[in-house]
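Trainee:
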Amino acid sequence: MRIKTIICIVLIVIIGSCNHVSNNHNINGFYVSSDASDFTIKRILERKKLIAATDYGSINYLIYRGEPIGYQYEILKDFTTHLGVELELIIENDISKGIEMLNNNEIDLLAMALTVTSERSKHFSFTIPIMTTRQVLVQKKPDGYHKMKTADEIESHLLRNPLDLANAKVHVQEGTIFAKRLQTLSDEIADTIEVIIDPRDVEDLIHAVSQGEIDYTVADEHIAKVNGKYYRNIDVKTTLSFPQKIAWAAKRGQTGLVDTIDNWINTFNKTLKSRLLYNKYFKNIRSRKIVNSEYNSYSGGSLSPYDEYIKNSSKIIGWDWLLLASMIYQESEFKPNVKSWVGAYGLMQLMPHVLEKYGLDSKASPKEQIMAGVKHIRYIDNQIPDEIADSTERIKFVLASYNCGLGHVLDARRLAEKDGKDPNVWTHNVDSCILSLSEKEYYHDPVVYNGYVRGKETFNFVRQIIERYNIYKELIND
91 MRIKTIICIV
101 LIVIIGSCNH
111 VSNNHNINGF
121 YVSSDASDFT
131 IKRILERKKL
141 IAATDYGSIN
151 YLIYRGEPIG
161 YQYEILKDFT
171 THLGVELELI
181 IENDISKGIE
191 MLNNNEIDLL
201 AMALTVTSER
211 SKHFSFTIPI
221 MTTRQVLVQK
231 KPDGYHKMKT
241 ADEIESHLLR
251 NPLDLANAKV
261 HVQEGTIFAK
271 RLQTLSDEIA
281 DTIEVIIDPR
291 DVEDLIHAVS
301 QGEIDYTVAD
311 EHIAKVNGKY
321 YRNIDVKTTL
331 SFPQKIAWAA
341 KRGQTGLVDT
351 IDNWINTFNK
361 TLKSRLLYNK
371 YFKNIRSRKI
381 VNSEYNSYSG
391 GSLSPYDEYI
401 KNSSKIIGWD
411 WLLLASMIYQ
421 ESEFKPNVKS
431 WVGAYGLMQL
441 MPHVLEKYGL
451 DSKASPKEQI
461 MAGVKHIRYI
471 DNQIPDEIAD
481 STERIKFVLA
491 SYNCGLGHVL
501 DARRLAEKDG
511 KDPNVWTHNV
521 DSCILSLSEK
531 EYYHDPVVYN
541 GYVRGKETFN
551 FVRQIIERYN
561 IYKELIND
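Using the working numbering, the first residue of the sequence shown is number 91, and each one after it goes up by one.
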């Protein structure tokens, strides 16, 4: 009788185990159950696509020379590669709308670098932290700060103590946790901080501080520091919070997806690639080339060791070799091995996919680099509309497209035409519209197909190359 009982128990265990296995599905090598908690990960694996929302800007996701980059984008790409699925990114800078999309099952994941709070945790399932940050006050440095003799003189004009925020007006992005933090600070200092909920996103508000349109805003420290490299007249050193966790969010209860991400993040965070990716977006200084007195040293007639290559290659596209030289200096300062923070390489700062298009890689010689760059210029020129017939203006359109991508330049042309400007003239027409494409009002316009671009960089890229070219013509005896 005892033996029969033991056999019966063993059979029950075996049957139970078989039933458990039958409720699991092997999809792309991942075992997921039929439980509701695994619904999202099962859906992702079956459709072979992860749909995520993130914000469009200078950090998380943007298009650089026709190639998508960004901190959130690159992490998401690594995760989807791990899963063996494609990534579909939906751009949404409005946090409230992103949350709505998540709740309506329009997306699988909200990858907007959300701060984890107890209140938010009631509504979402958060992953383990991707990073930590602090909330900081963004304020404008005093006018003429660069002429002040001491750091203390600059400091005397800046707020460093939260007590000094009494009666201040602080603009914060709608849907963020910044307003709640300021309200808590207001209670702690027993004084009023006027919090103005603003529909603009964080980077737009930082720009507004730089321009003197508003006095203060609040941002996550990592975003504030990156923008501080663009806007040298802002200060981001005043912290308003303790370190806080930044994570992705899934719909409440979707532990299957969250567990899968957590396991991957735990491994990814230990890799060299993770550290390099963080340094790439948050620690590298993105330099801007400007014209300065060093150009006088070239007045002897030689600009670089590559002058002959430049002269010969420029004939292919019908450019003055000095114009091509000015462009190469803008891109690399004639350094053939230089690599940018986004991976653009060499004298012409070509992205890897462009080098590959012309059968080259990072081992290409300076001569090969220049030839590939010229071929790419010719390719771009062939895509520029024939309506831009003036050769001088056409060169400016080619330069702009080389810098930010043809799609953004065509967007700027459509904006110009809509605004009654001449879409075939760069200066004082399309150039002003490329500047507008960093503003939400314009990059969300129906005639704009390619979204946000940091237009000031492209504007300066074209202007500085032409200005330097004119200097070269005066100084170089050719």
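Think of the CB as a built atom: it goes at the ideal place given N, C-alpha and C, for glycine as much as any other residue.
Mapping the DSSP letters down to three states, classify histidine 261 as helix, strand or coil.
Mentor: The sequence position of residue 261 within the sequence shown is 171, counting from 1. Residue state, collapsed to three classes: strand.
Trainee: Quick check on the DSSP output: the beta strand (DSSP E) that includes glutamine 334 runs from which residue to which?
Mentor: Here residue 334 refers to the residue found at position 244 of the sequence shown. Run containing glutamine 334: 334-341, per the beta strand (DSSP E) assignment.
Trainee: Specify whether the region 264-273 and the region 338-353 touch according to this definition: at least 3 beta carbon pairs, one from each stretch, less than 8 angstroms apart.
Mentor: No, the region 264-273 is not in contact with the region 338-353.
Trainee: Straight-line CA distance for asparagine 113 to aspartate 128?
Mentor: For this step, residue 113 is matched to residue 23 along the sequence shown. For this step, residue 128 is matched to residue 38 along the sequence shown. Per-residue confidence for asparagine 113 stands at a pLDDT of 48, beneath the threshold of 50, marking its modelled position as unreliable; no derived number is given.
Trainee: Helix, strand or coil for methionine 417? Go by DSSP, reduced to three states.
Mentor: Within the sequence shown, residue 417 is the residue found at index 327, counting from 1. Here methionine 417 sits in helix by DSSP.
Trainee: Following a CB-centred definition, is serine 455 positioned closer than 8 angstroms to any heavy atom of the ligand SAH?
Mentor: The ligand SAH is absent from the structure shown, which contains no ligand whatsoever.
Trainee: On the three-pair Cβ rule with 8 angstroms, is the region 484-502 touching the region 536-549?
Mentor: Yes: at least three Cβ pairs fall under 8 angstroms.
Trainee: Just the C-alpha distance for asparagine 183 and methionine 202, rounded to the nearest angstrom, thanks.
Mentor: Looking up residue 183 in the sequence shown gives position 93. Looking up residue 202 in the sequence shown gives position 112. Between asparagine 183 and methionine 202, the C-alpha separation is close to 8 angstroms.
Trainee: Determine, using beta carbons only, whether isoleucine 418 and methionine 438 come nearer to each other than 9 angstroms.
Mentor: One-based indexing of the sequence shown puts residue 418 at position 328. One-based indexing of the sequence shown puts residue 438 at position 348. Taking 9 angstroms as the Cβ cut-off, isoleucine 418 and methionine 438 qualify as a contacting pair.
Trainee: Taking 6 angstroms as the limit between beta carbons, can you name the residues of its chain near lysine 511, skipping five residues before and five after?
Mentor: As a working note, residue 511 is residue 421 in the sequence shown. Answer for lysine 511: Asn519, listed in chain order.
Trainee: Would you please state the rounded distance, in angstroms, between the beta carbons of serine 331 and glutamate 264? I believe it to be under 8 angstroms.
Mentor: The residue you call residue 331 lines up with position 241 of the sequence shown. The residue you call residue 264 lines up with position 174 of the sequence shown. At roughly 19 angstroms, the Cβ-Cβ gap does not stay under 8 angstroms, so serine 331 and glutamate 264 are not in contact.
Trainee: Expressed to the nearest angstrom, what Euclidean distance is found between the alpha-carbon atoms of tryptophan 354 and alanine 337?
Mentor: Residue numbering aside, residue 354 sits at position 264 when the sequence shown is read from its first letter. Residue numbering aside, residue 337 sits at position 247 when the sequence shown is read from its first letter. If you take the alpha carbons of tryptophan 354 and alanine 337, they lie about 13 angstroms apart.
Trainee: Using only CA atoms, which one of Thr223, Cys494, Leu248 and Thr548 lies nearest to tyrosine 235?
Mentor: Here residue 235 refers to the residue found at position 145 of the sequence shown. Closest option to tyrosine 235, Cα to Cα, is Leu248.
Trainee: Can you check which of these residues, Phe358, Lys425 and Asn251, is closest to lysine 457 by C-alpha distance?
Mentor: Along the sequence shown, one-based indexing puts residue 457 at 367. Nearest option by C-alpha distance: Lys425.
Trainee: Measuring only the C-alpha atoms, how far is asparagine 560 from threonine 517?
Mentor: The sequence position of residue 560 within the sequence shown is 470, counting from 1. The sequence position of residue 517 within the sequence shown is 427, counting from 1. Their Cα atoms are separated by approximately 16 angstroms.
Trainee: Given a cut-off of 9 angstroms on the beta-carbon distance, is the pair leucine 199 and isoleucine 141 in contact?
Mentor: In the sequence shown, residue 199 corresponds to position 109, counting from 1. In the sequence shown, residue 141 corresponds to position 51, counting from 1. Going by C-beta atoms, leucine 199 is nearer than 9 angstroms to isoleucine 141.
Trainee: So what does valine 520 bridge to, in DSSP terms?
Mentor: Within the sequence shown, the letter at position 430 stands for residue 520. Answer is none; valine 520 lacks a bridge partner.
Trainee: What beta strand (DSSP E) runs, 3 residues minimum, are completely inside the region 196-232?
Mentor: For the region 196-232, whole beta strand (DSSP E) runs of length 3 or above, ordered along the chain, are 199-205, 214-216, 221-223 and 225-230.
Trainee: Taking the alpha carbon of glutamate 136 as the reference point, which residue from Glu176, Ala143 and Leu166 has its own alpha carbon closest?
Mentor: In the sequence shown, the residue the question calls residue 136 occupies position 46. Among Glu176, Ala143 and Leu166, the Cα nearest to that of glutamate 136 is on Glu176.
Trainee: Given 8 angstroms as the limit, is there contact between the region 290-303 and the region 311-322, that is, 3 or more CB pairs closer than that?
Mentor: The answer is yes - the region 311-322 touches the region 290-303, with three or more Cβ pairs under 8 angstroms.
Trainee: Starting from the C-beta of glutamate 477, find all residues in its chain whose C-beta is less than 8 angstroms away, skip the five residues before and the five after it, and write them out in chain order.
Mentor: For this step, residue 477 is matched to residue 387 along the sequence shown. Closer than 8 angstroms at Cβ, skipping near neighbours: Pro513 and Asn514.
Trainee: Using only the alpha-carbon positions, how far apart do serine 389 and tyrosine 562 sit?
Mentor: On the sequence shown, residue 389 is found 299 positions in, with the first residue counted as 1. On the sequence shown, residue 562 is found 472 positions in, with the first residue counted as 1. Because the pLDDT of serine 389 is 31, which lies under 50, any placement of that residue in the model is unreliable, and the question is left without a value.
Trainee: Excluding sequence positions up to five away, which residues of its chain have a Cβ less than 6 angstroms from the Cβ of glutamine 459?
Mentor: Within the sequence shown, numbered from 1, the residue matching residue 459 stands at position 369. So the qualifying residues of the chain are Gly436, Leu437 and Met438.
Trainee: Under DSSP, the alpha helix (DSSP H) around leucine 505 begins and ends at which residues?
Mentor: Sequence index remark: in the sequence shown, residue 505 carries index 415 (1-based). Element bounds for leucine 505: 496-508.
Trainee: For the structure I just gave you, are there three or more beta carbon pairs, one from the region 226-242 and one from the region 357-364, closer than 8 angstroms?
Mentor: Taking 8 angstroms as the limit for Cβ pairs, the verdict is that the region 357-364 does not touch the region 226-242.
Trainee: Report the start-end ranges of each beta strand (DSSP E) in the region 239-288 that is 3 residues or longer and not cut off at the edges.
Mentor: If we require 3 residues or more, the beta strand (DSSP E) runs fully inside the region 239-288 come out as 259-263 and 284-288.
Trainee: Roughly how many whole angstroms lie between the Cα atoms of glycine 545 and alanine 143?
Mentor: As a working note, residue 545 is residue 455 in the sequence shown. As a working note, residue 143 is residue 53 in the sequence shown. Straight-line Cα distance between these residues: approximately 23 angstroms.
Trainee: Quick check on DSSP: helix, strand or coil for isoleucine 380?
Mentor: Looking up residue 380 in the sequence shown gives position 290. With a pLDDT of only 23 at isoleucine 380, under 50, the local geometry of the prediction cannot be trusted, and the value read off the model is given with reservation. DSSP places isoleucine 380 in coil when its eight states are reduced to three.
Trainee: For leucine 367, tell me which candidate among Glu190, Ile159 and Leu413 has the shortest Cα-Cα distance.
Mentor: Taking the first residue of the sequence shown as position 1, residue 367 is located at position 277. That would be Ile159, whose Cα lies nearest to the Cα of leucine 367.
Trainee: Please specify which runs of the alpha helix (DSSP H), each continuous and at least 4 residues long, are wholly inside the region 439-476, giving them in chain order.
Mentor: Runs of the alpha helix (DSSP H) inside the region 439-476: 442-447 and 456-473.
Trainee: So, for threonine 95: in the same chain, excluding its five sequence neighbours on each side, which residues have a beta-carbon less than 8 angstroms away from its beta-carbon?
Mentor: One-based indexing of the sequence shown puts residue 95 at position 5. Caution applies to threonine 95, whose pLDDT of 46 falls short of 50 and renders its modelled position unreliable; the model cannot decide the point.
Trainee: How big is the Cα-Cα spacing for arginine 133 and leucine 525?
Mentor: Position 43 of the sequence shown, counted from the start, is the residue given in the question as residue 133. Position 435 of the sequence shown, counted from the start, is the residue given in the question as residue 525. Going from the Cα of arginine 133 to the Cα of leucine 525 covers about 41 angstroms.
Trainee: Assuming serine 403 contacts leucine 414 under a Cβ cut-off of 8 angstroms, what Cβ separation, rounded to an integer in Å, is found between them?
Mentor: For the purposes of this step, residue 403 is identified with residue 313 of the sequence shown, where counting begins at 1. For the purposes of this step, residue 414 is identified with residue 324 of the sequence shown, where counting begins at 1. About 7 angstroms; that satisfies the 8 angstroms criterion.
Trainee: Within the continuous beta strand (DSSP E) that includes tyrosine 306, where are the two ends?
Mentor: The residue you call residue 306 lines up with position 216 of the sequence shown. Where tyrosine 306 is concerned, the enclosing beta strand (DSSP E) stretches over 306-310.
Trainee: Thinking C-alpha only, which one of Arg342, Gly302, Gln225 and Leu393 is nearest lysine 335?
Mentor: As a working note, residue 335 is residue 245 in the sequence shown. Closest option to lysine 335, Cα to Cα, is Gln225.
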